[in-house]
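Take any residue in the sequence shown, note its place counting from 1, add 1493, and you have its number in our numbering.
Idealized CB from N, CA, C, for every residue including glycine.
Inspection log for the structure reproduced underneath, given as structure tokens.
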Amino acid sequence: MTLDRTARSGTRNTILAVVLIAYLMILLDLSIVYTGMPEIGRSMRMSPVMQTWVQNAYLLCFGGFLLLSARLGDTFGRRRILQIGIVLFTLASASIGTAQSSYELIAARAVQGVGASILAPSVLAIISATFPEGEERTRALAWCSVVAGAGASLGLVLGGIFAGLLSWRIGFLVNIPIGIALFFAVGRYIPENARIDGRFDILGAAASTLGVGLLVYGLVNAASAGWEDPVTMGTLALSIAVLAAFLWHENRTEVPVLPLRLLRSRERSAAYLVRMLYVGSIVSFFFFGTQLMQRVLGYSALQAGFGFLPMTLVQFAAALAIPRVTRLMGGVSMLMASLALISLGLFWLAGAGTGATYWQLGLPMVLIGIGNGGTMAPLTASGVRSVSPRDQGADPVWSMSPINWADRSVLAR
């Protein structure tokens, strides 16, 4: 028996809601750390350098395991792998929320990064497999853009509220009931995909994980020891060599963890590059904007959290308007205008000094919010266009996601 169009639409909308809640959970825990970091440092007696590892441990494991995790869903089934990611992420969140030492906290953040590396590519792969190209996928990706942009910004607000009024631990403990509900929702509503060849590119997975891990560690070490430090230079050089060997291997193996055919499309390759640069600048803004408000201008965690609220509101509104604006302007024109607004807002913020008023921060944040709302959906659509079902989990659009090694916060120290 086949479902009628309304029933199919209802089923697809349910699937979309489930995977976007999982994605929102990742994004909130990415950004909720920034506004809560000063309070985390005080309560856990962490030095400023040690505090950066709360994010860097997450970053290393997410970036290092991303390609491996993405291919697992194609090979062993996205529903099963998505549930494993939810379990890891939820257990790690519980450990973070109850951590009694800085080392326990950082170790749990590393495990949480592994869980996020499983969840992130599974979300987009399921969306791509569920919604056919055209208006339906555009609408689904528009909602993904709402979650991607507004979710990360909302985390900044919630992080300030929790740290200022309750405890920074609440931001992680709240994932426990959400994770439990998601686990059962995935089992009930997410269909299992047809699996690809059971063979697995173990060498490629190991090389990609090692190469990206070394690259991120080199950047992290440069933040504390400098670019001329022998460990920094040696780690970065080794990462380049390992990643070059990885690409050489992927071009020759029969079942690659990253099919290089995905990069043959000029549109997709351009989307991947632009997304990496865009996300790197936005996540840098999250980190340094928080530091400016709390450490330079003397805002409390609560004030800093609410300081990001105007950006969050306009970003949400802009993302909801994407389908209508796309029909009027076209995706490329909207993307260029959005990137121009982000650039203008960041340039404006760069002039904020130690005596800056909030208006000197809030007005450029409005421009950044509008730009963010209109950027993610067209970039994502270009990144997944015409990708075959067997490659949807391995699509490197997720290697440019909001929680990856392009996060420039590693350069903060």
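- Remark: C-beta atoms of residue 1665 and residue 1609 do not approach each other more closely than 7 Å.
- For residue 1804 against residue 1862, the beta-carbon gap comes to about 4 Å, under 8 Å, which counts as contact.
- Here residue 1629 carries a helix assignment [DSSP, helix/strand/coil].
- Annotation: the continuous alpha helix (DSSP H) that includes residue 1605 extends over 1595 to 1623.
- Assigned with DSSP and collapsed to three states, residue 1649 falls in helix.
- With respect to the 7 Å criterion, residue 1808 and residue 1865 are classified as neighbours on the basis of their beta carbons.
- Annotation for residue 1841: the continuous alpha helix (DSSP H) segment containing it runs 1824 to 1842.
- Of 1594, 1647, 1714 and 1831, the smallest CA-CA separation from residue 1538 is found for 1594.
- When C-alpha distances from residue 1858 are compared across 1516, 1776, 1801 and 1706, the shortest belongs to 1801.
- The continuous alpha helix (DSSP H) containing residue 1782 extends over residues 1759 to 1784.
- If you draw a straight line from the Cα of residue 1796 to the Cα of residue 1845, it comes to about 17 Å.
- Residue 1791 and residue 1761 have their C-alpha atoms some 43 Å from each other.
- If you draw a straight line from the Cα of residue 1736 to the Cα of residue 1606, it comes to about 21 Å.
- Scanning its chain for C-beta atoms nearer than 8 Å, with the 5 sequence neighbours on each side dropped, one finds around residue 1663 the residues 1590 and 1655, in chain order.
- For residue 1670, the uninterrupted alpha helix (DSSP H) segment begins and ends at 1668 to 1682.
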